[in-house]
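In our numbering, the protein residues as written are 106 to 385.
Below: one structure, written as C-alpha cells.
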Amino acid sequence: MFADVRLDTLNIDLEHVRSLVTERTKAICIVHYAGVAADPFAFAKFCEESSIRLIEDNAHGLGATFANKRLGTFGAMSTLSFHETKNISCGEGGALVLNDPSLVEPAEILREKGTNRARFLRGQVDKYTWVANGSSWTMSDLLAAVLTAQLEHQSDIEQTRLAIWSRYFESLLDWATANEIRLPHIPEHARHPGHMFYLRMPSQMARDHFIEHMRSHGVVTVFHYQALNQSPAALRFDADPAACPNSSIAAQTIVRLPMYSTLTPNQQERVIEAALKFKI
Ligand SMILES: *Cc1c(COP(=O)(O)O)cnc(C)c1O
Numbered sequence: 106m107f108a109d110v111r112l113d114t115l116n117i118d119l120e121h122v123r124s125l126v127t128e129r130t131k132a133i134c135i136v137h138y139a140g141v142a143a144d145p146f147a148f149a150k151f152c153e154e155s156s157i158r159l160i161e162d163n164a165h166g167l168g169a170t171f172a173n174k175r176l177g178t179f180g181a182m183s184t185l186s187f188h189e190t191k192n193i194s195c196g197e198g199g200a201l202v203l204n205d206p207s208l209v210e211p212a213e214i215l216r217e218k219g220t221n222r223a224r225f226l227r228g229q230v231d232k233y234t235w236v237a238n239g240s241s242w243t244m245s246d247l248l249a250a251v252l253t254a255q256l257e258h259q260s261d262i263e264q265t266r267l268a269i270w271s272r273y274f275e276s277l278l279d280w281a282t283a284n285e286i287r288l289p290h291i292p293e294h295a296r297h298p299g300h301m302f303y304l305r306m307p308s309q310m311a312r313d314h315f316i317e318h319m320r321s322h323g324v325v326t327v328f329h330y331q332a333l334n335q336s337p338a339a340l341r342f343d344a345d346p347a348a349c350p351n352s353s354i355a356a357q358t359i360v361r362l363p364m365y366s367t368l369t370p371n372q373q374e375r376v377i378e379a380a381l382k383f384k385i
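What follows is the structure, encoded as C-alpha cells:
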C-alpha cells in the first residue's frame, strides 16, 4: 500500500498511513525526504502501539537529526545509500542499520548468499551451509576503501553542502515568494545534511519552462521521483493511481538545483543569477 505525502515537507503523511493500516500490516517504511525528518517520534509511537515494524529509508539523511536524535535510529531498521548521487558515496553500495538485535543474524544470512558463513567465521559452527534465501550483498574492499575516505570527510562534506543550501535559500527567497514558487520547508527540531535543494513550481508547465530557461543559461536542472502508486509495477499489485494526489503534485512540480560539494561560489552564483531571471 502506498501512502500519500504531506504538502509541507513532502514526507509521508501519518494521517493517511493510519487510514491504510490493517491487521495484516507488518511494516511501515518512511523516507526522510531531502534528509528532513519525517516526523519520526510520531511514527515510532504509532508503530509501537500497533505492533508494526518501522523501517526508515535514510538514503538522504545520513548525519541528519530530529531533536538531536539521528535519523535512522527511530525504527527497527534503516537503510543508507552510498550511490554516487548521495552525500557520502562510493559509486554504488549501501548499508542496513539494525536497531533490533534479533534481526542481525537473518541479515547476515541474507548478505552471505543465504548461508550461515558469518556464524562459521565466528567459530559458532564447524562448517557453513545454505540455510535460507539470500544474495551476494557484501561490499568489495576497494569500494569500502573509497567509502572510508568519504566518511572521514563527512563533516566537511556536510558543512559545504549546508553552506550551498543556505546560500540558495537566502538568495532565492524573495524571488520565490514573488513568483509563487515554494522553497523547502524545514520543521522545527529537524536538522538536515544539505542533501538537496529543490523548488516547487506552481504548475508542471512552469516547471518545464523553468528547466528550459535554465538550460538556455547553461545550467542543468532536473526533476525527479514519479509517484510510485502510478508506476507500472505498483499497478500490477492493484495500487490505486488516484490515491496519492499530493505525491502526484510533487512529481509534477519539483525541480532540483545543482548541489554537490565541489560546486564553487562562482558556479553557484551563475545558477542563482539564471534562476532570478525567470518569471512566472
Ligand atoms: C538513492 C535512493 C535509494 C536507493 O539507493 P541505492 O543505493 O541505489 O539502492 C533509495 N531510496 C531513496 C530515497 C534514495 O534516494
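The C-beta atom is built at its ideal place from N, Cα and C for all residues, glycine as well.
Computed from a prediction, not measured in an experiment: that's the story for all the values here.
Discussion item. Let me check understanding here. Comparing Cα to Cα, which of Met-301, Ala-172, Leu-208 and Thr-243 lies closest to Ala-164?
Written reply: If you number the sequence shown from 1, residue 164 lands on position 59. Per the C-alpha coordinates, the member of Met-301, Ala-172, Leu-208 and Thr-243 positioned closest to Ala-164 is Met-301.
Worksheet entry | Val-202 CB to nearest heavy atom of ligand 1 below 7 angstroms | Your numbering for residue 202 matches position 97 in the sequence shown. No, the beta carbon of Val-202 sits no closer than 7 angstroms to any heavy atom of ligand 1.
Fill in: Rounded separation between Ile-214 and Thr-367 - CA only
Walking along the sequence shown from the start, residue 214 turns up at place 109. Walking along the sequence shown from the start, residue 367 turns up at place 262. Looking at the two C-alpha atoms, the distance is approximately 39 angstroms.
Fill in: Nearest to Asn-204 (by Cα), restricted to the options Glu-197, Val-110, Ile-193 and Thr-184
In the sequence shown, residue 204 corresponds to position 99, counting from 1. Comparing Cα positions, the closest option is Thr-184.
Worksheet item: On the premise that Ile-135 lies in contact with Glu-161, defined as a C-beta separation below 8 angstroms, what is that separation, rounded to the nearest angstrom?
Response: As a working mapping, residue 161 is identified with position 56 in the sequence shown. As a working mapping, residue 135 is identified with position 30 in the sequence shown. Going by Cβ atoms, the distance from Glu-161 to Ile-135 rounds to 6 angstroms, so yes, they are a contact pair.
Item to complete: Please determine, among Cys-349, Ala-181, Asp-109 and Val-230, the residue with the shortest C-alpha to C-alpha distance to Ser-156.
Response: As a first step, residue 156 is located in the sequence shown; it is residue number 51 there, counting from the start. Nearest C-alpha to Ser-156 among Cys-349, Ala-181, Asp-109 and Val-230: Ala-181.
Worksheet item: Is there at least one non-hydrogen atom of ligand 1 closer than 7 angstroms to the beta-carbon of Thr-190?
Response: The residue given as residue 190 occupies position 85 in the sequence shown. At least one heavy atom of ligand 1 is nearer than 7 angstroms to the Cβ of Thr-190, so yes.
Worksheet item: Out of Phe-146, Gly-219 and Val-251, which has the shortest C-alpha to C-alpha gap to Cys-195?
Response: The residue given as residue 195 occupies position 90 in the sequence shown. Nearest of Phe-146, Gly-219 and Val-251 to Cys-195, Cα basis: Val-251.
Practice prompt. Note the first and the last residue of the continuous beta strand (DSSP E) segment covering Thr-184.
Written response: As a working note, residue 184 is residue 79 in the sequence shown. Per DSSP, Thr-184 belongs to the beta strand (DSSP E) from 182 to 186.
Worksheet item: What span of residues does the alpha helix (DSSP H) with Cys-152 cover, start to end?
Response: Position 47 of the sequence shown holds residue 152. Counting along the chain, the alpha helix (DSSP H) containing Cys-152 begins and ends at 145 to 155.
Discussion item. With a threshold of 8 angstroms on Cβ separation, who are the neighbours of Ile-262 within its own chain once the five nearest residues in sequence on each side are excluded?
Written reply: If you number the sequence shown from 1, residue 262 lands on position 157. Counting only Cβ-Cβ distances below 8 angstroms, and skipping sequence neighbours, we find Asn-192, Ile-193, Gln-255 and Ser-366.
Item to complete: Give me the Cβ distance between Leu-176 and Pro-145, rounded to the nearest whole Å; I'm assuming they're in contact under 8 angstroms.
Response: Counted from its first residue, the sequence shown places residue 176 at position 71. Counted from its first residue, the sequence shown places residue 145 at position 40. Leu-176 to Pro-145, Cβ: 7 angstroms. Contact.
Item to complete: Give a yes or no on whether the C-beta atoms belonging to His-290 and Ala-379 are separated by under 8 angstroms.
Response: Position 185 of the sequence shown, counted from the start, is the residue given in the question as residue 290. Position 274 of the sequence shown, counted from the start, is the residue given in the question as residue 379. It is not a contact, given that the beta carbons lie outside the stated cut-off.
Item to complete: Could you pull out every residue in the same chain whose Cβ sits closer than 6 angstroms to the Cβ of His-297, ignoring the five residues on either side in sequence?
Response: The residue given as residue 297 occupies position 192 in the sequence shown. These residues qualify, in order along the chain: Gly-140, Val-141 and Ala-169.
Worksheet item: With a CB to CB cut of under 7 angstroms and the five nearest residues on each side skipped, what residues in its chain are close to Lys-174?
Response: Numbered from 1 along the sequence shown, position 69 holds the residue referred to as residue 174. For Lys-174, where only same-chain residues beyond five positions count, there are no Cβ hits under 7 angstroms.
Worksheet item: So what does Val-110 bridge to, in DSSP terms?
Response: Taking the sequence shown and counting its residues from 1, one reaches residue 110 at position 5. Note: Val-110 sits in a beta bridge opposite Ile-117.
Fill in: Boundaries (first-last residue) of the beta strand (DSSP E) holding Glu-128
Within the sequence shown, residue 128 is the residue found at index 23, counting from 1. Glu-128 -> no beta strand (DSSP E), and no H or E assigned at all.
Worksheet item: Relative to ligand 2, is the shortest distance from any of its heavy atoms to the C-beta of His-165 smaller than 7 angstroms?
Response: Within the structure as shown, ligand 2 is missing, the only ligands being ligand 1.
Worksheet item: Which first and last residues belong to the alpha helix (DSSP H) in which Ile-291 is found?
Response: Along the sequence shown, read from residue 1 onward, the residue named residue 291 stands at position 186. Element bounds for Ile-291: n/a, residue is neither H nor E.
Worksheet item: For Ala-295 versus Arg-287, is the C-beta spacing smaller than 8 angstroms?
Response: Along the sequence shown, read from residue 1 onward, the residue named residue 295 stands at position 190. Along the sequence shown, read from residue 1 onward, the residue named residue 287 stands at position 182. No, the Cβ-Cβ distance between Ala-295 and Arg-287 is not below 8 angstroms.
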